[in-house]
Amino acid sequence: MPGGIWQALQQQAFRLILRWTARGGPLRRAVAAMGIRRSPNLHRLDPARVRVAAVQLELDTFRRPEDFARWVARPLGDAVARGAQLVAFPEDVGLALLGLLPGFERLAAAPSPQAALAGLGDVAVADVFRFLGPAVGRIYHTTFSALARAHGVFVHGGSVMLPRGRNLYNFGFLYGPDGRLVGCHAKAHLLPMEAEWGVCPGDSFDVYDTVLGRIGIPVCMDATYFETFRLLALAGAEMVVVPIANPEPYNEWHARRGTWARVQETPVYGIVPALVGRILGIELTGRAAVYAPLPLTPAGDGVVAQARTWNRAEVVLADVDLVRLREYRRRAGFPGYLRPDLYERYLEPAYRRLRDRRAAESPSGRRGEAAG
Numbered sequence: 207m208p209g210g211i212w213q214a215l216q217q218q219a220f221r222l223i224l225r226w227t228a229r230g231g232p233l234r235r236a237v238a239a240m241g242i243r244r245s246p247n248l249h250r251l252d253p254a255r256v257r258v259a260a261v262q263l264e265l266d267t268f269r270r271p272e273d274f275a276r277w278v279a280r281p282l283g284d285a286v287a288r289g290a291q292l293v294a295f296p297e298d299v300g301l302a303l304l305g306l307l308p309g310f311e312r313l314a315a316a317p318s319p320q321a322a323l324a325g326l327g328d329v330a331v332a333d334v335f336r337f338l339g340p341a342v343g344r345i346y347h348t349t350f351s352a353l354a355r356a357h358g359v360f361v362h363g364g365s366v367m368l369p370r371g372r373n374l375y376n377f378g379f380l381y382g383p384d385g386r387l388v389g390c391h392a393k394a395h396l397l398p399m400e401a402e403w404g405v406c407p408g409d410s411f412d413v414y415d416t417v418l419g420r421i422g423i424p425v426c427m428d429a430t431y432f433e434t435f436r437l438l439a440l441a442g443a444e445m446v447v448v449p450i451a452n453p454e455p456y457n458e459w460h461a462r463r464g465t466w467a468r469v470q471e472t473p474v475y476g477i478v479p480a481l482v483g484r485i486l487g488i489e490l491t492g493r494a495a496v497y498a499p500l501p502l503t504p505a506g507d508g509v510v511a512q513a514r515t516w517n518r519a520e521v522v523l524a525d526v527d528l529v530r531l532r533e534y535r536r537r538a539g540f541p542g543y544l545r546p547d548l549y550e551r552y553l554e555p556a557y558r559r560l561r562d563r564r565a566a567e568s569p570s571g572r573r574g575e576a577a578g
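Rendered as structure tokens:
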């Protein structure tokens, strides 16, 4: 049998195995078997005391979907038991499902993703995520939907690499207490590493109305740029969830360039869950935290609560006071002190020149389809 045909048959067989492995029924039964009692955390709603949890998760990989579900269920259960009404997981939580790949234990010792794939011909990193995508997406959605419904709270499932059409995106998803999808966001500002892998940037920033308040859900690097938070706040966001997975040695000042800085410029609460650990030679660090404008924090340092370490699992809980935030905005004059008449005069032509320069430098560059 010609090698190409044999390889195609192997791929088709593996797709069928993945489809079988990712069936929703067994996974929902596994969640049901956890004996979760629906919490009363959303029975009493008080905008002056919204309890949020940012999960700092230590990365592991799993071959069985049920093990993945148990992995995320533990910190979620801890947070809910302590009163959390919104629980947020880190960026790239879907990396844990790379364990679905046969022989991943051997590949995991490679010094980089590219080195892990070196012996597989012309297979690229994006090809792996696209191939696993249907199964990973089904497991991810089933798990977080079922857990949100079982606990009766809002759950941000962190982010996961998933294909849409021909393109690959880093998606984050927010689920309601009924298990239904509230909203999603495709990461709009990519790391150079992600761009090299073939990930496409998203093209939208949305704000979602919930009984807890209005929530924005950008992903990691999106928080490095002031425009992200300014757009979300002007669209009504009061809480912004920013899942992170920083592929670098931890540096507090470098880490503070993101959400901490943004909430000082644009008054909102920032909720930052973090993925830590090591995979394929990449060290992931971060400190899960809840940030706020300086005057709204106990020590006046912009930190409501944060993890004790940058490399160990932990659940960070905090109460955020939206009534106080609204009063702070009113006293500060936000957004009235902004000058859109001035900004429009300079920003629009500046961005246009940047866009034209990029087009001239990379005429064949492809940004990908909008993730919507």
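Counting from 207, one number per residue, gives the positions in the sequence shown under my numbering. Where a beta carbon is used, it is the ideal one built from N, C-alpha and C, also for glycine. Source: prediction; values computed, not measured.
Proximity to residue i [Cα-Cα], best of the options
i    : options                   : result
A511 : L500, V496 and E520       : V496
D412 : A441, G542 and M427       : A441
P479 : D328, L265, I242 and A565 : L265
G289 : P555, A565 and L523       : L523
E400 : Y375, L338 and L437       : Y375
P541 : F274, L437 and P253       : L437
F180 : G539, F377 and V334       : In the structure displayed, the chain extends from 207 to 578; residue 180 sits before or after that span and is not available.
I223 : D507, P308 and N457       : P308
R385 : L233, E567 and S351       : The amino acid at residue 385 is misidentified as Arg; the sequence shows Gly. When each option's Cα is compared against that of G385, the closest is S351.
V521 : V258, I421, A238 and A461 : V258
R536 : T472, A565 and Y552       : T472
D415 : E402, G404, F435 and A443 : A443
G424 : V237, H395 and A556       : Here the sequence assigns Pro to residue 424, which means Gly is not the residue at that position. Per the Cα distances, H395.
A519 : E402, T491 and Q262       : Q262
V417 : R234, P253 and S318       : P253
R514 : L233, A260 and H249       : A260
R225 : L304, G339 and F310       : G339
F435 : G419, T465, W459 and L531 : T465
G404 : L323, N373, R532 and W459 : N373
R420 : L368, D507 and R532       : R532
V388 : G363, S410, Y534 and P369 : G363
Supposed close pair residue i, residue j - CB separation, criterion 8 Å
i    : j    : result
G476 : V448 : 6 Å
A392 : G408 : 3 Å
N247 : V278 : Their Cβ separation, rounded to whole angstroms, is 18 Å, which puts N247 and V278 out of contact at 8 Å.
L353 : V361 : 6 Å
A314 : T227 : Their Cβ separation, rounded to whole angstroms, is 19 Å, which puts A314 and T227 out of contact at 8 Å.
M445 : V474 : 6 Å
L397 : M427 : 6 Å
C390 : G378 : 7 Å
G422 : R344 : Wrong, their Cβ atoms sit about 26 Å apart, outside the cutoff.
F274 : T349 : 6 Å
G492 : A461 : 7 Å
C-alpha gap between residue i and residue j, whole angstroms
i    : j    : result
D298 : L560 : 30 Å
N457 : R463 : 10 Å
D328 : F432 : 38 Å
F337 : P546 : 45 Å
D562 : A494 : 38 Å
M240 : Y549 : 53 Å
V331 : A302 : 15 Å
S568 : A556 : 18 Å
L235 : R276 : Strictly speaking, residue 235 in this sequence is Arg, with Leu absent from that position. Cα to Cα, R235 sits roughly 12 Å from R276.
G382 : P319 : 34 Å
R558 : C406 : 21 Å
V469 : E454 : 23 Å
Q218 : A467 : 48 Å
A316 : F310 : 10 Å
Q291 : R551 : 42 Å
Exposed unless 16 or more other CB atoms sit within 10 angstroms - verdict on residue i
i    : result
Y543 : exposed
V293 : buried
L251 : exposed
V256 : buried
A505 : exposed
L553 : exposed
A321 : exposed
R243 : exposed
A565 : exposed
A324 : exposed
W516 : buried
A439 : buried
Any C-beta of chain C under 9 Å from that of residue i
i    : result
R535 : No chain C is part of this structure, which consists of one protein chain only.
Cβ-heavy atom distance, residue i to the ligand MN, below 8 Å
i    : result
L282 : Annotation note on the ligand MN: not contained in the displayed structure, which lists no ligands.
**OP:** Indicate whether the contact test is met: 3 or more Cβ pairs, each with one atom in the segment 282-295 and one in the segment 348-357, closer than 8 Å.
**Re:** Yes: at least three Cβ pairs fall under 8 Å.
**OP:** Would you check if there are 3 or more beta carbon pairs closer than 8 Å linking the segment 480-489 to the segment 525-533?
**Re:** With the cut-off at 8 Å, the segment 480-489 and the segment 525-533 do not touch.
Original post:
At a cut of 8 Å, does the segment 258-274 reach the segment 497-507 through at least three beta carbon pairs?
Top reply: When Cβ pairs closer than 8 Å are counted between the two stretches, the segment 258-274 is seen not to touch the segment 497-507, the count staying below three.
Original post:
Between the segment 442-461 and the segment 294-308, do at least 3 Cβ pairs fall closer than 8 Å?
Top reply: By the Cβ rule, the segment 442-461 counts as touching the segment 294-308, because three or more pairs are nearer than 8 Å.
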